[in-house]
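Peer 1: Let me begin by handing over the structure; questions about it come next.
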Amino acid sequence: MKIAYVTPFDSRNLCDHNNWAGTGYYIGQALKKQSIPIEYIGPLEEKLALQIVSKFKSRYHKYLGKNYIKYIEPLISRDYGRQIYQKLNSIKSDVVLSAGSDSIAYLECNQPIVFWADATFANIIDFYPAYSNLCQESLQNAHLIQSISLQKSRLAIYSSEWAAQTAIDYYQTDPKKVKVVPFGANIESNFTLDATKNLVESRPTNQCKLLFLGVDWFRKGGDIALEVTKKLNASGLNTELTIIGCQPITEDPLPDFVKPLGYISKSTPEGKNKIYQLIASSHFLILPSIADCTPIVFCEANSLGVPCISRRVGGIPTIIKDDLNGKLFDRDSDATEYCKYISNIFTNYTQYKKLALSAFNEYESRLNWKVAGQKVKELLMSLG
Numbered sequence: 004m005k006i007a008y009v010t011p012f013d014s015r016n017l018c019d020h021n022n023w024a025g026t027g028y029y030i031g032q033a034l035k036k037q038s039i040p041i042e043y044i045g046p047l048e049e050k051l052a053l054q055i056v057s058k059f060k061s062r063y064h065k066y067l068g069k070n071y072i073k074y075i076e077p078l079i080s081r082d083y084g085r086q087i088y089q090k091l092n093s094i095k096s097d098v099v100l101s102a103g104s105d106s107i108a109y110l111e112c113n114q115p116i117v118f119w120a121d122a123t124f125a126n127i128i129d130f131y132p133a134y135s136n137l138c139q140e141s142l143q144n145a146h147l148i149q150s151i152s153l154q155k156s157r158l159a160i161y162s163s164e165w166a167a168q169t170a171i172d173y174y175q176t177d178p179k180k181v182k183v184v185p186f187g188a189n190i191e192s193n194f195t196l197d198a199t200k201n202l203v204e205s206r207p208t209n210q211c212k213l214l215f216l217g218v219d220w221f222r223k224g225g226d227i228a229l230e231v232t233k234k235l236n237a238s239g240l241n242t243e244l245t246i247i248g249c250q251p252i253t254e255d256p257l258p259d260f261v262k263p264l265g266y267i268s269k270s271t272p273e274g275k276n277k278i279y280q281l282i283a284s285s286h287f288l289i290l291p292s293i294a295d296c297t298p299i300v301f302c303e304a305n306s307l308g309v310p311c312i313s314r315r316v317g318g319i320p321t322i323i324k325d326d327l328n329g330k331l332f333d334r335d336s337d338a339t340e341y342c343k344y345i346s347n348i349f350t351n352y353t354q355y356k357k358l359a360l361s362a363f364n365e366y367e368s369r370l371n372w373k374v375a376g377q378k379v380k381e382l383l384m385s386l387g
């Protein structure tokens, strides 16, 4: 079986800033490690004429006070379909696998089409700020393209039950072809259980180290993470909050126990190692997102024996299971509830160590690219 792997970006280049935060690259690598031959189709070209049309539409709708999403423009999707078809003619492949669903909406080919995505358009409209206040044209285009992609595909693979169920309920997709396979951790971790035990043992017991890792302060719940840290210190638990990816937005001066490090790029070995070290030395990753699909940083934290604290929103419950690899709170839970949980676990350090090793086990058993690649290979082989 040979796969034609379709991405609008360059999935062979981990440093491509459009590479779905590295997920597009790791999907390809995961399948190659399953001894599946892959032909890469991408990056796809966005024609100049279509760029001009999209730019004009964006300005027009902005003038009317609405947002327009250019990549869900049917003109672009149709052209993507033509480009993919032309490239398929020059290679021999048995199945087309797309990262995301919109690129293959208008693809006509003889091979079965499969996509692997983290959400449907119904999931993210008015969920993410960038997909809020959309113009009627973008709303219609989004649902049209999503519906066509689901109808056309032999398999629709999603990284969470949340996304998969929406494909079934909202778009009336046949449940038999909707599957759930979580993404793995975009991290090269060869840690053994013994190495993870040593890592957990090396963390301080006289200071609780929290890590916030996200580029969007409010959407990722940075304000809650900061409030939790302040309350923990006020209660007498020595707590430090390290912030990576963005600058905190707050009216008050930051206390000394908050360490904002700004954006650290994973595209360089130095940046990648720095992030790994910061995760590994933390007791908890705290990311109380108000909107998220399936943040891969949770898998990365688990790979280093770090439990995760977040909210019960989007696709997060597929990754984080209470008392196995972290703890989820309701959308309306206040900082006091987070503090109570963290304090109870940390002050009973034997219980914390058990949770940290359980988090590593969740990574080993289901949140890595080897497991994900195996499951997708089985699904593709079942197409016959």
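For the sequence shown, the working numbering puts the final residue at 387, and the numbers step up evenly by one. Virtual Cβ for every residue (Gly too), placed ideally from N, Cα, C. Since the structure is predicted, the reported quantities are computational estimates derived from the model, not experimental observations.
Based on the DSSP output, what are the partners of K182 in its beta bridges?
Peer 2: I160
Peer 1: Would the beta-carbon of A33 fall within 9 Å of that of G187?
Peer 2: yes
Peer 1: Could you check whether I44 and K5 sit closer than 9 Å to each other, using their CB atoms as the reference points?
Peer 2: no
Peer 1: Can you round the beta-carbon distance between T242 and L213 to whole angstroms, since I take them to be within the 8 Å contact cut?
Peer 2: By a beta-carbon distance limit of 8 Å, T242 contacts L213. Their separation comes to about 6 Å.
Peer 1: Per DSSP, what are the beta-bridge partners of Y43 in this structure?
Peer 2: Y8
Peer 1: Closest to F287 by CA distance: which of D295, G317, Q210, K269 is it?
Peer 2: Looking only at D295, G317, Q210, K269, the smallest Cα-Cα distance to F287 is reached by Q210.
Peer 1: At what residue ranges does the region 177–228 contain a whole run of the beta strand (DSSP E), taking only runs of 3 or more?
Peer 2: 181–183, 211–216
Peer 1: Residues in the same chain with beta-carbon distance under 7 Å from K95, minus the five sequence neighbours each way, listed in chain order, please.
Peer 2: K5
Peer 1: Would a C-beta distance cut-off of 9 Å place L370 and V184 closer than the cut-off?
Peer 2: no
Peer 1: Around the C-beta of N92, are 16 or more other C-beta atoms found within 10 angstroms, so that it is buried, or is it exposed?
Peer 2: Burial call: exposed.
Peer 1: Do you know offhand how far I323's Cα is from N126's?
Peer 2: 19 Å
Peer 1: By alpha-carbon positions, which one of K36, L142, E204 ends up nearest to A359?
Peer 2: E204
Peer 1: Report the residue from K90, G329, Q89, S57 whose alpha carbon sits nearest the alpha carbon of P77.
Peer 2: S57
Peer 1: From L327 to Q354, what does the alpha carbon distance come to, in whole angstroms?
Peer 2: L327 and Q354: Cα-Cα distance of roughly 11 Å.
Peer 1: Taking the beta strand (DSSP E) that P263 belongs to, which residues open and close that run?
Peer 2: 261–265
Peer 1: Among K343, D172, Y173, which one has its Cα closest to the Cα of N236?
Peer 2: Measuring from the Cα of N236, the nearest candidate turns out to be K343.
Peer 1: Taking Cβ positions, are V261 and L216 nearer each other than 9 Å?
Peer 2: Their beta carbons are not under 9 Å apart, which means V261 does not touch L216 by this criterion.
Peer 1: Mind checking N305: buried by the 16 CB within 10 Å criterion, or exposed?
Peer 2: buried
Peer 1: Under a Cβ-count criterion, where at least 16 other Cβ atoms within 10 Å of its own Cβ denotes burial, should N276 be classed as buried or exposed?
Peer 2: exposed
Peer 1: Check V117 in the structure and name its three-state DSSP category.
Peer 2: Here V117 sits in strand by DSSP.
Peer 1: Just to confirm my understanding: we take E340, look at its own chain, exclude 5 residues before and 5 after, and list those with CB closer than 8 Å. What are they?
Peer 2: F332
Peer 1: Buried or exposed: S385, going by 16 or more other Cβ atoms within 10 Å of its Cβ?
Peer 2: Classification of S385: exposed, given that the 10 Å Cβ count is below 16.
Peer 1: For D259, which residues of its own chain have a beta-carbon under 6 Å away from its beta-carbon, when the five flanking residues on both sides are left out?
Peer 2: None.
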